[in-house]
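Student: The working numbering numbers the first residue of the sequence shown as 28 and each following residue consecutively. Once you've had a glance at the structure underneath, I'll fire off some questions.
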Amino acid sequence: MADYQKRVWAEKYTAARNSDNDVDYEALSKLTQFKAFKNNPEELQHHEPALLKEFYEVYLADQALKADAHAQTAGSGSSKLSQRGGAEHLAIEQCDTVAAQQLTAARNLAPLA
Numbered sequence: 028m029a030d031y032q033k034r035v036w037a038e039k040y041t042a043a044r045n046s047d048n049d050v051d052y053e054a055l056s057k058l059t060q061f062k063a064f065k066n067n068p069e070e071l072q073h074h075e076p077a078l079l080k081e082f083y084e085v086y087l088a089d090q091a092l093k094a095d096a097h098a099q100t101a102g103s104g105s106s107k108l109s110q111r112g113g114a115e116h117l118a119i120e121q122c123d124t125v126a127a128q129q130l131t132a133a134r135n136l137a138p139l140a
């Protein structure tokens with residue numbers, strides 16, 4: 028699948044999931060961007076697992092780059108405190124509230140030790 032097709036698929040997939048619906052592969056197969064799949068929605072749907080895996084790998088790589096950039100930016104202060112702050116920020120950014128609370132508690136207890 029070409030990059031432009033992946034982009035269209037991702038938009039349709041996201042819209043369907045955000046509205047708690049399944050992807051309408053019948054309608055998707057009739058779009059001009061998917062001429063190769065015309066009247067063959069099953070073949071188009073067959074690509075879903077591979078596309079989801081590919082997008083997830085890109086997401087993980089993007090998160091790693093953001094975490095690395097944040098760690099480099101935070102490196103100008105006290106390294107231990109910066110690392111804790113970076114981890115806390117990353118946990119919050121990824122909506123891991125339990126991890127964020129644990130990191131915040133550990134940071135608050137550190138001056139007492």
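Note that CB positions come from ideal geometry on N, CA and C, so glycine has one too.
Assign Y52 to one of two classes, buried (16 or more other C-beta atoms within 10 Å of its C-beta) or exposed (fewer than that).
Tutor: Buried, by the Cβ-count rule.
Student: Over what stretch of residues does the alpha helix (DSSP H) that includes Q72 continue unbroken?
Tutor: That run of the alpha helix (DSSP H) goes P68 to H73.
Student: Give the DSSP-derived three-state secondary structure of E51 in the structure shown.
Tutor: The residue asked about is misnamed: residue 51 is Asp in this sequence, not Glu. Coil, per DSSP.
Student: CB-CB under 8 Å to F61, same chain, minus the five flanking residues each way: which ones, in chain order?
Tutor: Only Q32, V35, L55 and L71 meet the Cβ criterion.
Student: Tell me which residue opens and which closes the alpha helix (DSSP H) that A37 is part of.
Tutor: Looking at the DSSP string, the run of the alpha helix (DSSP H) that includes A37 is D30 to N45.
Student: Measure the beta-carbon distance from H73 to M28 and round it to whole angstroms, keeping in mind my assumption that it falls under 8 Å.
Tutor: 11 Å between Cβ atoms; not a contact.
Student: Taking only three categories from DSSP, how would you classify L87?
Tutor: Three-state DSSP puts L87 in a helix.
Student: Going by DSSP in three states, K141 sits in which element: helix, strand or coil?
Tutor: Past the boundaries of the shown model lies residue 141; the chain is included only from 28 to 140, so the question cannot be answered.
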